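K.L.:
This structure is in structure tokens; I'll ask about it shortly.
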Amino acid sequence: EGEDPWWRSAVFYQVYPRSFADSDGDGVGDLRGIIDHLDHLADLGVDCLWLSPIFASPNRDMGYDISDYRAVMDEMGTLADVDDLIAACHERGMRIILDLVVNHTSDEHEWFRRAVADPDGPYGRYYFLEEGTEDAPPNNWKSFFSGPAWRWIPEAQRWALHLFADSQMDLRWDNPDVQREVADVVQWWLARGIDGFRLDVINYISKAPGLPDGHPFVGELLEFTGVEHYFYGPRLGEFLRTLRRDGFTRNRPPASTPRERLADGALAGPLPADEVGVMVGETPGIGVELGRMLSARGRDELDLTFNFDVLEPPGRVRWDNYAYDPEYLKRYWRDYLARLGPRDWISVFLDNHDNPRMLSKIGAGREADPAVRTAIGKLLATLQLTMRGTPFLFQGQELGAVNQEFSSLDDLRDVESVNRFPALLESGMGPRAAWAQILSGTRDHARVPMRWTPGGGFTTGVPWLAGTDEVPGFSAAEQAVDPDSVYSWHRALIALRRRHPALTRGSLTWVAPRRRNYLAYVRELDGEAFLVECNASETTMRRPSAAPPAEPVLGIRDGRRLAPWEASVSRVL
Ligand code: ISL
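Heads up, the sequence shown stops at 652 in UniProt numbering, and the numbers go up one at a time, no gaps.
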């Protein structure tokens with residue numbers, strides 16, 4: 080693979096298994112459901128699936144709280160089903176990666192039970208079990224899901240650290256036993272045939288020694304006191320290199336430092352043949368420069384990172400109700416690409432299971448018109464699938480899925496929202512303002528079931544979380560047979576990418592970047608060049624003279640004007 084590993088030109092597709100397809104009517108999506116719908120994904124043309132967690136879990140955080148890394152969640156099926164799914168993906172020429180959640184485990188994990196039973200024994204050192212008294216937690220860190228990051232465990236007479244829900248206990252990565260356990264889990268799954276992992280909040284795993292208090296100013300700024308002590312901890316790189324060597328590399332070659340490998344020329348050559356699993360890091364809060372370091376070729380840490388700055392312009396947070404300005408998207412990508420070195424590579428995403436739909440953020444209500452919804456859905460697909468980097472689609476994007484019209488907290492299931500609402504009230508906010516925040520930012524917008532048919536088609540039972548979108552024309556069944564659908568557009572774009580490496584590996588040059596709401600660039604490789612052009616606004620726009628002459632490949636191309644929300648790909652003449 081060398082300079083061009085498979086994941087650089089692949090299209091990834093994130094499946095949220097709980098909401099993808101339910102084969103047995105219990106209202107929860109399952110592995111059989113995914114297998115039954117694999118042809119939808121193969122037809123779309125995606126190269127690699129990423130499954131959100133499918134492991135045994137009490138589901139306080141919908142699978143991101145794992146109680147057994149080598150077992151499948153009851154509602155989702157069995158290990159035999161996973162084996163079938165892996166085989167079914169590979170038969171169709173698709174790869175599959177799973178979600179490794181190892182910053183923390185569920186409090187129902189065997190390791191934690193043993194730790195509580197004997198805090199001074201070996202498992203006590205798997206977690207941050209700190210001595211103290213019930214009235215004073217060890218430091219002032221806050222949980223991402225409201226309240227302090229510490230839970231008093233009466234049976235053990237200790238405090239336990241949880242950066243997320245109070246049942247998600249943080250693992251102690253400075254314990255070599257923990258590192259070995261995680262590497263073994265990775266090896267175990269690679270041996271079953273998966274192609275790698277997405278690593279959940281992986282940049283949080285190294286905590287500052289001594290667990291010092293967070294600075295109050297930082298806490299105020301970022302809402303989460305203590306983050307500066309683990310966002311990019313002192314031993315992060317070392318932990319990742321060890322995990323790559325002992326977990327992701329099958330034959331465990333003798334350890335050598337990047338400097339040694341540079342000296343013997345290995346950095347310029349192909350990756351070692353025994354490198355098996357791709358390591359995609361979920362890396363909230365790291366920014367461009369730290370992201371570059373974490374995924375620098377030859378450093379042997381991560382292969383790809385996610386940069387979350389794309390999700391909100393500066394000054395905005397997920398809980399705000401606002402219209403996302405597409406100019407920010409352009410500014411973000413311009414700035415990011417300008418700062419990447421020639422060997423750097425990034426992932427490109429707009430939606431995931433933790434965020435409201437980008438289509439709705441940009442539409443800001445205008446997407447209630449089905450024509451506008453379709454147009455914005457196509458425009459975002461065009462940008463995401465022709466941008467430099469590896470695209471990660473999230474289920475439903477290919478159907479133009481939008482945010483939901485939840486009417487009360489009873490409609491929601493996510494622990495973050497369920498905890499946050501009362502916490503906001505407690506802080507003095509009125510119920511209306513608190514609900515407005517939740518409605519803007521709840522992660523459940525993206526977690527509602529896939530719409531396979533006009534009436535739903537996700538389950539024959541009662542869905543665990545109900546979607547509210549009933550607009551005709553946006554189900555998979557309708558879109559698959561409509562040549563003008565968001566789905567057909569995605570499929571055509573992916574096919575085009577596959578035929579023309581200029582759209583994946585090619586250079587990217589912006590066209591008239593200062594023109595407001597005009598997002599356009601040329602992708603070029605080996606003498607072949609494509610112009611991508613978008614009018615990210617609701618008004619007709621004159622085409623700038625700087626755009627090179629080109630013939631349309633996807634979309635219609637009037638020589639002078641761009642229609643509202645128009646997107647096109649053309650071949651530069
Ligand atoms: O929601 C956030 C804080 O308000 C995000 O920072 C989020 O916690 C972050 O992106 C980490 O997300 C991942 O780990 C969480 C899990 O709940 C998310 O679903 C997962 O994607 C804890 O495992």
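Even for Gly, the Cβ is constructed at its ideal location relative to N, Cα and C.
Computed from a prediction, not measured in an experiment: that's the story for all the values here.
Just how far apart, CA to CA, sit I281 and A135?
P.N.:
The residue given as residue 281 occupies position 202 in the sequence shown. The residue given as residue 135 occupies position 56 in the sequence shown. When rounded, the distance between both Cα atoms is 20 Å.
K.L.:
Between which two residues does the beta strand (DSSP E) holding Y92 run?
P.N.:
On the sequence shown, position 13 is the one that residue 92 refers to. Per DSSP, Y92 belongs to the beta strand (DSSP E) from F91 to V94.
K.L.:
Quick check: what's the CA-CA separation for S647 versus L419?
P.N.:
Taking the first residue of the sequence shown as position 1, residue 647 is located at position 568. Taking the first residue of the sequence shown as position 1, residue 419 is located at position 340. About 26 Å.
K.L.:
Can you tell me whether W129 is buried or exposed, with buried defined as 16 or more other CB within 10 angstroms of its CB?
P.N.:
Position 50 of the sequence shown holds residue 129. Burial call: buried.
K.L.:
Run the CB neighbour count on P435, radius 10 Å, all protein chains shown included, and call it buried at 16 or more, exposed below.
P.N.:
Locating residue 435 in the sequence shown gives position 356, where the first residue counts as 1. Answer is buried; the Cβ neighbour count reaches 16.
K.L.:
Bridge partners of T465, per DSSP?
P.N.:
By 1-based counting over the sequence shown, the position of residue 465 is 386. The partner list for T465 (beta bridge, DSSP) is empty, contrary to what the question assumes.
K.L.:
In the region 346–407, which residue ranges form an unbroken beta strand (DSSP E) of at least 3 residues, counting only runs that do not cross its ends?
P.N.:
With a minimum length of 3 residues, the continuous beta strand (DSSP E) runs that stay inside the region 346–407 are 357–360.
K.L.:
Could you give the C-beta distance for L641 and R622, rounded to a whole number, given that I count them as a contact under 8 Å?
P.N.:
In the sequence shown, counting from the first residue as 1, residue 641 sits at position 562. In the sequence shown, counting from the first residue as 1, residue 622 sits at position 543. So it is a contact: roughly 6 Å between Cβ atoms.
K.L.:
Straight-line CA distance for T328 to S285?
P.N.:
Within the sequence shown, numbered from 1, the residue matching residue 328 stands at position 249. Within the sequence shown, numbered from 1, the residue matching residue 285 stands at position 206. In a straight line, the C-alpha of T328 is about 22 Å away from that of S285.
K.L.:
Label G638 either buried or exposed according to how many other C-beta atoms from any shown protein chain fall within 10 Å of its C-beta, with 16 as the threshold for buried.
P.N.:
As a first step, residue 638 must be located in the sequence shown, where it is residue number 559. Burial call: exposed.
K.L.:
In chain order, what residues of the same chain lie with their CB nearer than 8 Å to the CB of F223, ignoring the 5 residues before and after it?
P.N.:
Here residue 223 corresponds to residue number 144 of the sequence shown, with the count starting at 1. Answer for F223: L242, F243, F303 and E495, listed in chain order.
K.L.:
Cα-Cα, which of I114, Y597, G360 and A555 is closest to residue 653?
P.N.:
Examination of residue 653 is not possible in this model, given that the chain is present from 80 through 652 alone.
K.L.:
Compare the C-alpha of F207 against each of T184, G156, L123 and V261 and name the closest.
P.N.:
Residue mapping note: residue 207 aligns to position 128 of the sequence shown, counting from 1. Measuring from the Cα of F207, the nearest candidate turns out to be T184.
K.L.:
Verify whether the separation of the beta carbon atoms of D140 and Q247 is less than 8 Å.
P.N.:
Locating residue 140 in the sequence shown gives position 61, where the first residue counts as 1. Locating residue 247 in the sequence shown gives position 168, where the first residue counts as 1. Taking 8 Å as the Cβ cut-off, D140 and Q247 qualify as a contacting pair.
K.L.:
With a threshold of 7 Å, establish whether the CB of F223 neighbours any heavy atom of the ligand ISL.
P.N.:
Taking the first residue of the sequence shown as position 1, residue 223 is located at position 144. Yes.
K.L.:
Could you give the distance in angstroms between the alpha-carbon of V94 and the alpha-carbon of A121?
P.N.:
Within the sequence shown, numbered from 1, the residue matching residue 94 stands at position 15. Within the sequence shown, numbered from 1, the residue matching residue 121 stands at position 42. C-alpha separation (whole angstroms): 13 Å.
K.L.:
Which residues bound the alpha helix (DSSP H) around P510?
P.N.:
Along the sequence shown, read from residue 1 onward, the residue named residue 510 stands at position 431. Here the alpha helix (DSSP H) through P510 covers P510 to G520.
K.L.:
Residue range of the beta strand (DSSP E) that Q567 falls in?
P.N.:
Here the question's residue 567 lines up with position 488 in the sequence shown. Sequence inspection shows Ser at residue 567; the Gln mentioned does not correspond to that position. Taken as a continuous stretch (DSSP letters only), S567 belongs to no beta strand (DSSP E), being part of the alpha helix (DSSP H) at V565 to R578.
K.L.:
Identify every residue that forms a DSSP beta bridge with R650.
P.N.:
Translated into the one-based positions of the sequence shown, residue 650 becomes position 571. Bridge partners of R650: F609 and E630.
K.L.:
Using 7 Å as the cut-off, classify the Cβ of P137 as near or not near the heavy atoms of the ligand ISL, replying yes or no.
P.N.:
Taking the sequence shown and counting its residues from 1, one reaches residue 137 at position 58. Checking every heavy atom of the ligand ISL against the Cβ of P137, none is found closer than 7 Å.
K.L.:
Less than 8 Å between the beta carbons of residue 659 and V601, yes or no?
P.N.:
Given that the chain is displayed from residue 80 to residue 652, the structure contains no residue 659 and the question cannot be resolved.
K.L.:
Among D279, S624 and M173, which has the Cα closest to the Cα of Y143?
P.N.:
In the sequence shown, residue 143 corresponds to position 64, counting from 1. Per the Cα distances, D279.
K.L.:
How about H432: is its Cβ closer than 7 Å to a heavy atom in the ligand ISL?
P.N.:
Here the question's residue 432 lines up with position 353 in the sequence shown. Yes, the beta carbon of H432 sits closer than 7 Å to at least one heavy atom of the ligand ISL.
K.L.:
If you draw a straight line from the C-alpha of V560 to the C-alpha of V541, how long is it?
P.N.:
Position 481 of the sequence shown, counting from 1, holds the residue named residue 560. Position 462 of the sequence shown, counting from 1, holds the residue named residue 541. So the alpha carbons of these two residues sit roughly 28 Å apart.
K.L.:
Report yes if the C-beta of E361 is less than 7 Å from at least one heavy atom of the ligand ISL; otherwise report no.
P.N.:
Here residue 361 is taken as the residue at index 282 of the sequence shown, counted from 1. The answer is yes for E361.
K.L.:
Since A599 and A608 are thought to touch, with beta carbons under 8 Å apart, how far apart are those beta carbons, to the nearest angstrom?
P.N.:
Within the sequence shown, residue 599 is the residue found at index 520, counting from 1. Within the sequence shown, residue 608 is the residue found at index 529, counting from 1. At roughly 13 Å, the Cβ-Cβ gap does not stay under 8 Å, so A599 and A608 are not in contact.
K.L.:
Around the Cβ of H169, are there at least 16 other Cβ atoms within 10 angstroms (buried) or fewer (exposed)?
P.N.:
Sequence index remark: in the sequence shown, residue 169 carries index 90 (1-based). Answer is exposed; the Cβ neighbour count stays below 16.
K.L.:
Which parts of the region 183–218 are runs of the alpha helix (DSSP H), unbroken and 4 residues or longer, counting only runs that do not cross its ends?
P.N.:
Taking only runs of at least 4 residues, the alpha helix (DSSP H) segments lying wholly in the region 183–218 are 189–196.
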